[in-house]
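Report on one structure; see the data block that follows.
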Amino acid sequence: VQLQASGGGLVQAGESLRLSCTASGRLSSINAMSWYRQAPGKQREWVTTITGSGTTEYVDSVKGRFTISKDNAKNTVYLQMNSLEPEDTAVYYCKILDRFNDYWGKGTQVTVSS
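When you line the sequence shown up against the numbering used here, it's residues 111 to 224, in that order.
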């Protein structure tokens with residue numbers, strides 16, 4: 111199974127980006143799809159998760175600004191990021207948890223300038 115993330119880039123504060131992450135290969139039933147991020151000099155942190163049933167959770171710092179969604183037919187998870195702040199600058203990683211394993215993408219860089 112491979113995960114390919116895309117959509118990162120350089121934006122100004124207040125602007126938006128949409129990340130995508132598509133899984134290819136043989137997956138069993140997907141239990142959850144998540145996004146994490148790692149800022150320079152910091153540990154990787156969880157950002158948001160969407161379960162197989164569609165339940166979503168967010169870290170407090172992105173609530174009201176970020177929205178996670180998924181397309182089951184495409185094995186793809188999205189992260190719509192609005193009102194971006196310089197503090198959102200990080201490498202964003204997707205993770206998919208299926209019945210037996212979890213899989214990580216390689217990450218996509220998001221840089222927000224002030």
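Glycine included, each C-beta is placed from N, C-alpha and C at the ideal position. What you are looking at is a predicted structure, and each value in this text was computed from that prediction instead of being measured.
Cut-off 6 Å between Cβ atoms - residues of its own chain near M143, not counting five sequence neighbours on either side: I160, K180, V187, I206
Note down, in chain order, each residue of its chain lying with its Cβ closer than 6 Å to the Cβ of Q148, except the 5 sequence neighbours on either side. If we look at Q148 and ignore the five residues flanking it on each side, its Cβ neighbours are R154, A200, V201.
Which residue comes first and which comes last in the beta strand (DSSP E) that contains G119? 119-122
Is it buried or exposed for W145, if we count other Cβ within 10 angstroms and need 16 for buried? buried
Does DSSP put E195 in a helix, in a strand, or in coil? coil
Alpha carbon to alpha carbon, what distance is there between L127 and S171? One C-alpha to the other measures close to 16 Å.
Give every residue of the same chain whose Cβ lies closer than 7 Å to the Cβ of K184, excluding the five residues on either side of it in the sequence, and list them in chain order. T132
Give a yes or no on whether the C-beta atoms belonging to S130 and S116 are separated by under 7 Å. yes
Is it the case that the Cβ atoms of I178 and T166 are separated by a distance below 7 Å? yes
Pick from E125, E197, Q190: whose alpha carbon is nearest that of G151? With respect to the C-alpha of G151, the residue from E125, E197, Q190 having the closest C-alpha is E197.
Would you decide whether L113 is buried or exposed? Buried here means 16 or more other CB atoms lie within 10 Å of its CB. buried
Measuring alpha carbon to alpha carbon, tell me which residue in S163, N192, G162, N182 is nearest F176. N192
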